[in-house]
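First the structure, in the form of structure tokens, and then the observations on it.
Numbering (our numbering), first residue to last: 2 to 263.
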């Protein structure tokens, strides 16, 4: 009788372990999404050339490029609209890590370029790191849009846990993108300050809907913080023709497909 119980217990445990492994595989498969649509509700997106991104990626053995969604929850990622332009306060080592063709003096492979903040690829080798802090990253959408949430992180793959932002402001402007983040042309849409919870994985930040053409992340600390992609959303019809979704200040972390609120 005892032998049968031991066998039954072992059999149940084995089934549980196999089921958990299957769930883990399912979650990991979803962690690396396929390329999103090239157009959504009349909004065209930039091209995402995975072969080129991988070719110029110095990944250090951790986290090759992964596609950033062009559409999330039925909403267009405004940062990936055709014509959206990135700019940054500066780059680490004066851009010395940035590869060709983004840096004429660079190597064939590299990382940490300003143009990578909205290039459509996650992870360390497709990230930005500034030279001086406070510093900032910015996307010019090319036109005024409704904005009510962003997604941002340090390293989507989780391969690198360092250089995670702990304090920053989300700023928006409609007419002018002043270099000085304290200028009156900027409106503060959201602030984050929590040294106990650095932003490592791709994290969603929601705030009350605002109008803006320029979206800036003013990073206050720590020095050397990394951002691998900035995603910008404003509802299903952010450029007009539909009601914007209102939201209150809130954030959640998405690690693969596992979502944690904090």
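Yeah, the Cβ is synthetic: ideal placement off N, Cα and C, and Gly gets one too.
At the C-beta level, residue 149 and residue 80 stay beyond 8 Å of one another. Only buried fits residue 119, as 16 or more other CB atoms lie within 10 angstroms of its CB. DSSP places residue 117 in the helix class (H, G or I) of the three-state scheme.
Judged by DSSP secondary structure, residue 209 falls within the beta strand (DSSP E) whose first and last residues are 204–222. For the options 36, 66, 57, 213, the alpha carbon positioned closest to that of residue 109 is the one of 57. In this chain, residue 139 is not harboured by any alpha helix (DSSP H); it is covered by the beta strand (DSSP E) spanning 136–154. The DSSP-derived three-state label of residue 54 is helix.
The residue among 175, 157, 135 with its C-alpha nearest the C-alpha of residue 182 is 135.
Annotation: the continuous beta strand (DSSP E) that includes residue 233 extends over 230–234. The residue from 230, 239, 154, 116 with its alpha-carbon nearest to that of residue 91 is 116. If you ignore the 5 residues before and after residue 126, its C-beta comes within less than 6 Å of the C-beta of 58, 59, 60, 112, all in its own chain and listed in chain order. Assignment of beta-bridge partners to residue 77 by DSSP yields 72. Residue environment: residue 163 is assigned as exposed (fewer than 16 neighbouring CB atoms within 10 Å of its CB, all protein chains considered).
DSSP, reduced to helix, strand and coil, places residue 184 outside both helices and strands of the structure shown, so it counts as coil. Excluding residues up to 5 positions away in sequence, 83 lie with their Cβ nearer than 6 Å to the Cβ of residue 45 in the same chain.
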